[in-house]
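Below is one structure; the comments refer to it alone.
Protein chains: 2
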Amino acid sequence: MKIVRTIEDMQQQVQELKAQNLSIGFVPTMGFLHEGHMSLMEEAKKHNDIVVISIFVNPLQFGPNEDFDSYPRDFERDEKIAEQLGVDVVFYPSVDQMYPKPLSIKMTVTDRTNVLCGRSRPGHFDGVATVLTKLFHIIQPSRAYFGLKDAQQVAVVDGLINDFNFPIELVPVPTVREEDGLAKSSRNVRLTPEERKEAPNIYKTLQVAKEWIADGERDTNKLTDRLFASLETTISGSIDYLEILSYPELGNIDSVDGKIIIAIAVKYSNVRLIDNIIIDVA
Amino acid sequence: MKIVRTIEDMQQQVQELKAQNLSIGFVPTMGFLHEGHMSLMEEAKKHNDIVVISIFVNPLQFGPNEDFDSYPRDFERDEKIAEQLGVDVVFYPSVDQMYPKPLSIKMTVTDRTNVLCGRSRPGHFDGVATVLTKLFHIIQPSRAYFGLKDAQQVAVVDGLINDFNFPIELVPVPTVREEDGLAKSSRNVRLTPEERKEAPNIYKTLQVAKEWIADGERDTNKLTDRLFASLETTISGSIDYLEILSYPELGNIDSVDGKIIIAIAVKYSNVRLIDNIIIDVA
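In structure tokens form, the structure reads like this:
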């Protein structure tokens, strides 16, 4: 497994791989790899000749009051995990490599951001779109892998790739779950034992939504109200949002029709959990 | 020579060319090809296995009061010129192909635009950056060719390619000139005989600037004032701007040092002429 720290070296590697017509599967990460990332790497490994991951904590996607400096980093551990999973190249650039000077062009994600988690993170997805544009150009992957746990990110990347015709296939990978249904997250350890016990009710509520829709309910307001009321009684945390939107456009809809997302965020004492399901309603 | 009208067909062509490791030289145009374009195509032909040109009048780079609808179009003539010059593929998409729906991400060129022609064309370079990003992804060229007559456009594309790490070499091509030095332009026919006779003084003024700098003058204010006064006496048109800036950053400079551009725009009765030289001052 190669560790590549400069853009120039990475471009050199990519050029050699491209000359051999090898397909590249790319998993962009901010490091501190967990099972979610592992499922992405495994998926990339299955369908590509070469797997490249990037580890880069991107300052551009952190707000001024967010935790860029304290964001967890452990490159040695990440390196071992990547090696075990058969990753071929780890692109691990410094901030100076990626942003040697201020950018002359600003990317602003104007759609799909003013809902769900985006509402409380202005500018976050602008930073995501910017760094991904750079990484996509440096790595030139055939396929790029993103976890559906952050479905809004997948939706924004879908917009980026389609609107700007990147020659890249976006592969959304299903959320990895605990046996009781709770979406896996490195943040779950911050739950108290009581909170951990009731947290699977978030996913259960999403399953209930699916049933109600299957039973014929189409009114998003009614669904949202009923689901909110139902979830509220089963958890001690406070519901940050419970939204039903079109997918991947993330537009408000009066009636459930076609591809939709049901997404929930719950605030607990020391952690905020998110989960969602995407379903196609005929 | 192939005429390709859809993004899908173009991507298919590109994939086949890439699989054979052929280099692609790309000349983006808005059609109505003239000698400036021809020099770009000839240059592309010399250094690449395949030459692709695009003909697309991009609505996004026209302001609300600009001439998108009346912009000259003559595809049959363009086709003949391209064929004669040995172009391999003409990408000729419709507006619906390029912009099937509103974009979810906006690109804003924040640097290099508030000078020269950009000052009077707000949003113009945002549209240029957007369409080029799309075209670069669709064509995947090894090299992209731009005429230095529009040096500000070259500077913006330099920013786009470098800041976002496009795997593309930007090739700026020198301005093609009449024997008397006047920069060639399809708009020159709109000059009256008297205007045509004096118009070469624009280029002569740029040459004088070069001499003065060679003679040791470094003060940009002094140079600008002297050049303005000198040009003013030799033309009947009005000087729209005469600027000395760093290149490609297009920043204001007190003193001439390193790579700089001297650019002039002159308004005549029915046409506005632009010209520039870029020099490296040791």
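Protein sequences appear in the order of chains A and B.
Following UniProt numbering, the numbering of the first sequence begins with 1 at its first residue and continues without gaps.
Following UniProt numbering, the numbering of the second sequence begins with 1 at its first residue and continues without gaps.
Note that CB positions come from ideal geometry on N, CA and C, so glycine has one too.
Practice prompt. Output yes or no for whether 9 Å exceeds the beta carbon distance between residue 151/A and residue 229/A.
Written response: Here residue 151/A corresponds to residue number 151 of the first sequence, with the count starting at 1. Here residue 229/A corresponds to residue number 229 of the first sequence, with the count starting at 1. The criterion of a C-beta distance shorter than 9 Å is not satisfied by residue 151/A and residue 229/A.
Worksheet item: How far does the beta strand (DSSP E) with residue 86/B in it reach, from first residue to last?
Response: To locate residue 86/B, count along the second sequence from 1; it is residue 86. Counting along the chain, no beta strand (DSSP E) covers residue 86/B, and no H or E run does either.
Practice prompt. Note down, in chain order, all residues in the region 119–153 of chain A with a beta-carbon under 7 Å from any beta-carbon belonging to chain B.
Written response: 129, 133, 134, 137, 138, 140
Worksheet item: For residue 244/A versus residue 259/A, is the C-beta distance shorter than 9 Å?
Response: Counted from its first residue, the first sequence places residue 244/A at position 244. Counted from its first residue, the first sequence places residue 259/A at position 259. No, they are not a contact pair.
Worksheet item: Can you list the residues of chain A that residue 106/B reaches, using a CB-CB cut of under 7 Å?
Response: Sequence index remark: in the second sequence, residue 106/B carries index 106 (1-based). Correct list: 108, 110.
Item to complete: Check whether the Cβ atoms of residue 63/A and residue 119/A sit closer than 9 Å, and answer yes or no.
Response: Taking the first sequence and counting its residues from 1, the one referred to as residue 63/A is at position 63. Taking the first sequence and counting its residues from 1, the one referred to as residue 119/A is at position 119. Going by C-beta atoms, residue 63/A is not nearer than 9 Å to residue 119/A.
Worksheet item: What does residue 166/B touch in chain A if you count any residue whose Cβ is under 7 Å from its own?
Response: Here residue 166/B refers to the residue found at position 166 of the second sequence. In chain order: 137.
Item to complete: Kindly indicate if chain A contains any beta-carbon less than 9 Å away from that of residue 252/B.
Response: Here residue 252/B refers to the residue found at position 252 when the second sequence is read from its first residue. No, because no Cβ of chain A sits closer than 9 Å to the Cβ of residue 252/B.
Discussion item. Checking the sheet assignment: what are the DSSP bridge partners for residue 254/A?
Written reply: Position 254 of the first sequence, counted from the start, is the residue given in the question as residue 254/A. For residue 254/A, which the question treats as bridged, DSSP gives no partner whatsoever.
Item to complete: Compute the Euclidean distance between the alpha carbons of residue 167/B and residue 273/B, then round it to the nearest angstrom.
Response: In the second sequence, the residue the question calls residue 167/B occupies position 167. In the second sequence, the residue the question calls residue 273/B occupies position 273. Spanning the two alpha carbons is a distance of roughly 33 Å.
Worksheet item: Can you tell which of 10/A, 269/A, 2/A has the C-alpha that lies nearest to the C-alpha of residue 139/A?
Response: Your numbering for residue 139/A matches position 139 in the first sequence. Selected option, being the one with the closest Cα: 10/A.
Worksheet entry | Proximal chain A residues relative to residue 159/B, where beta-carbon distance stays under 7 Å | As a position in the second sequence, residue 159/B is number 159, starting the count at 1. For residue 159/B, the residues of chain A that pass the 7 Å Cβ criterion are 104, 105, in the order they occur in the chain.
Discussion item. On the DSSP bridge list, what partners appear for residue 263/B?
Written reply: If you number the second sequence from 1, residue 263/B lands on position 263. Beta-bridge pairing links residue 263/B to 243/B, 276/B.
Discussion item. For residue 181/B, tell me which candidate among 30/B, 276/B, 38/B, 126/B has the shortest Cα-Cα distance.
Written reply: The residue labelled residue 181/B in the question sits at position 181 within the second sequence. Answer by Cα proximity: 276/B.
Worksheet item: Residues of chain A with a CB under 8 Å from the CB of residue 7/B: which are they?
Response: Working through the second sequence from its first residue, we reach residue 7/B at position 7. The contacting residues are 165.
Discussion item. Let me see if you follow: with CB-CB separation under 9 Å, is residue 263/B close to chain A or not?
Written reply: By one-based count along the second sequence, residue 263/B stands at place 263. Closer than 9 Å: no.
Practice prompt. Pick out the complete beta strand (DSSP E) segments inside the region 114–189 of chain B, 3 residues or longer, and give them in chain order.
Written response: 143–147, 169–173
Worksheet item: With contact counted as at least three CB pairs below 8 Å, one residue from each stretch, are the region 77–87 of chain B and the region 218–233 of chain B in contact?
Response: No contact exists between the region 77–87 of chain B and the region 218–233 of chain B.
Fill in: Residues near residue 210/A in its chain [Cβ-Cβ closer than 7 Å; skip 5 each side]
Along the first sequence, one-based indexing puts residue 210/A at 210. Only 277, 279 meet the Cβ criterion.
Worksheet entry | Contact set between residue 11/B and chain A, taken where Cβ atoms lie within less than 9 Å | Looking up residue 11/B in the second sequence gives position 11. Within chain A, the residues near residue 11/B are 165, 167.
Fill in: Cβ-based contacts, 7 Å cut-off: residues of the region 58–89 of chain A near chain B
none
Practice prompt. Rounded to whole angstroms, what's the CA-CA distance from residue 31/A to residue 106/B? Just pull it up for me.
Written response: As a first step, residue 31/A must be located in the first sequence, where it is residue number 31. As a first step, residue 106/B must be located in the second sequence, where it is residue number 106. Each residue's Cα considered, the two are about 28 Å apart.
Worksheet entry | Bridge-paired residues (DSSP) for residue 106/B | Residue 106/B sits at position 106 when you count from the first residue of the second sequence. According to DSSP, residue 106/B bridges with 108/A.
Worksheet item: Given a limit of 9 Å on CB to CB distance, which residues of the region 8–41 of chain B reach chain A?
Response: Against chain A - using a Cβ distance shorter than 9 Å - the residues of the region 8–41 of chain B are 11, 14, 15, 18, 19, 21.
Fill in: Best match in 124/A, 266/A, 271/A for proximity to residue 59/A [C-alpha to C-alpha]
The residue you call residue 59/A lines up with position 59 of the first sequence. Comparing Cα-Cα distances from residue 59/A to each of 124/A, 266/A, 271/A, the minimum goes to 124/A.
Item to complete: Have a look at the DSSP bridge pairing and note the partners of residue 26/B.
Response: Walking along the second sequence from the start, residue 26/B turns up at place 26. Note: residue 26/B sits in a beta bridge opposite 52/B, 144/B.
Fill in: Neighbourhood of residue 35/B by C-beta, 7 Å cutoff - its chain only, sequence neighbours within 5 removed
The sequence position of residue 35/B within the second sequence is 35, counting from 1. Excluding residues within five positions, the ones whose Cβ falls inside 7 Å are 176, 184.
Practice prompt. Tell whether a beta-carbon distance below 9 Å holds between residue 87/B and residue 51/B.
Written response: As a working mapping, residue 87/B is identified with position 87 in the second sequence. As a working mapping, residue 51/B is identified with position 51 in the second sequence. Cβ atoms of residue 87/B and residue 51/B: closer than 9 Å.
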